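Student:
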Amino acid sequence: MGQGLMDDLLASGYLWIKAGHVMAVIAWMAGLFYLPRLFVYHTEQVVAGTDTDAMFQKMERLLLKAIMTPAMLATWGLGLALVATPGIVDWAAVWPWTKAASVIAMTWFHMWLGSRRKDFMDGRNVMTGRQYRLMNEVPTVLMVVIVLSVIVKF
Numbered sequence: 064m065g066q067g068l069m070d071d072l073l074a075s076g077y078l079w080i081k082a083g084h085v086m087a088v089i090a091w092m093a094g095l096f097y098l099p100r101l102f103v104y105h106t107e108q109v110v111a112g113t114d115t116d117a118m119f120q121k122m123e124r125l126l127l128k129a130i131m132t133p134a135m136l137a138t139w140g141l142g143l144a145l146v147a148t149p150g151i152v153d154w155a156a157v158w159p160w161t162k163a164a165s166v167i168a169m170t171w172f173h174m175w176l177g178s179r180r181k182d183f184m185d186g187r188n189v190m191t192g193r194q195y196r197l198m199n200e201v202p203t204v205l206m207v208v209i210v211l212s213v214i215v216k217f
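Under our numbering, the residues of the sequence shown are numbered 64 to 217, in order.
(1) Report yes if the CB atom of residue 73 is closer than 9 angstroms to the CB atom of residue 144, and no otherwise.
(2) Going by beta carbon distance, what residues of the same chain come within less than 6 angstroms of residue 169, once the five residues before and after it are set aside?
(3) What is the rounded straight-line gap between the Cα of residue 121 and the Cα of residue 77?
(4) Determine whether the beta carbon atoms of residue 127 and residue 180 lie at a separation below 9 angstroms.
(5) Over the uninterrupted alpha helix (DSSP H) stretch that includes residue 189, give me the two end residues.
(6) Between the C-alpha atoms of residue 156 and residue 209, what's the straight-line distance to the nearest angstrom?
(7) Under the assumption that residue 147 contacts residue 87 (Cβ atoms under 8 angstroms), give the Cβ distance between them as a whole number of angstroms.
(8) Alpha carbons only, please: which of 191, 198, 211 and 212 is nearest the one belonging to residue 105?
(9) With H, G and I counted as helix, E and B as strand and the rest as coil, what does DSSP make of residue 155?
(10) Considering Cα atoms alone, identify which of 109, 92 and 152 is closest to residue 183.
(11) Exposed or buried, residue 112, counting other C-beta atoms within 10 Å across all chains shown (16 or more means buried)?
(12) First and last residue of the alpha helix (DSSP H) that includes residue 73?
(13) Roughly how far, in whole angstroms, is the beta-carbon of residue 134 from the beta-carbon of residue 91, given that I think they are within contact range, below 8 angstroms?
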């Protein structure tokens, strides 16, 4: 497929790609907000090795594997399609770089949450509920930077 045809496809599908990207971001963000909260309750109110522990581990695994990771991959794929659409991004501006850095940080946070889930699974969680509450603020800060970058273009 030639570059001109690819550019035409991206341009003609731009609004559909953008709509899909927004939906994927919403699903991903919901998980990024909820999984650390589950970790708070898991840490503070659940005894390891109990039926409740198994239930929390199942909820955390399904949230991460069935919702968050597919939503993250869709966010990335559709976001890259938006970036590849001619005339959408001015790479001489600051905003695409602040957004890109924040999305990379959000992805790192997603992976960090996956590692914490494995800690629960292996019975070696060492973080406190308070630490998980503080980490729950990370996606909020990154979301603010991303939205301001894209909408206000600062």
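In this text, a Cβ means the ideal position worked out from N, Cα and C, and glycines have one as well.
Fair warning: this is a prediction, and the values are worked out from it, not measured in the lab.
Tutor: So, to answer that:
(1) Looking up residue 73 in the sequence shown gives position 10. Looking up residue 144 in the sequence shown gives position 81. Yes, the pair counts as a contact, with Cβ atoms nearer than the cut-off.
(2) Here residue 169 refers to the residue found at position 106 when the sequence shown is read from its first residue. Closer than 6 angstroms at Cβ, skipping near neighbours: 205.
(3) As a working mapping, residue 121 is identified with position 58 in the sequence shown. As a working mapping, residue 77 is identified with position 14 in the sequence shown. Between residue 121 and residue 77, the C-alpha separation is close to 37 angstroms.
(4) On the sequence shown, residue 127 is found 64 positions in, with the first residue counted as 1. On the sequence shown, residue 180 is found 117 positions in, with the first residue counted as 1. Yes, Cβ-Cβ distance for residue 127 and residue 180 is below 9 angstroms.
(5) Numbered from 1 along the sequence shown, position 126 holds the residue referred to as residue 189. Careful: residue 189 lies outside any alpha helix (DSSP H) and carries neither H nor E.
(6) Mapped onto the sequence shown, residue 156 falls at position 93. Mapped onto the sequence shown, residue 209 falls at position 146. Distance between the alpha carbons of residue 156 and residue 209 is about 14 angstroms.
(7) To locate residue 147, count along the sequence shown from 1; it is residue 84. To locate residue 87, count along the sequence shown from 1; it is residue 24. Their Cβ separation, rounded to whole angstroms, is 16 angstroms, which puts residue 147 and residue 87 out of contact at 8 angstroms.
(8) Position 42 of the sequence shown, counted from the start, is the residue given in the question as residue 105. When each option's Cα is compared against that of residue 105, the closest is 191.
(9) Position 92 of the sequence shown, counting from 1, holds the residue named residue 155. Coil, per DSSP.
(10) As a working mapping, residue 183 is identified with position 120 in the sequence shown. Looking at the Cα atoms, 109 is the closest of the given residues.
(11) Here residue 112 refers to the residue found at position 49 when the sequence shown is read from its first residue. It counts as exposed.
(12) Within the sequence shown, residue 73 is the residue found at index 10, counting from 1. 66-75 is the extent of the alpha helix (DSSP H) around residue 73.
(13) To locate residue 134, count along the sequence shown from 1; it is residue 71. To locate residue 91, count along the sequence shown from 1; it is residue 28. The Cβ separation is near 4 angstroms, so the contact holds.
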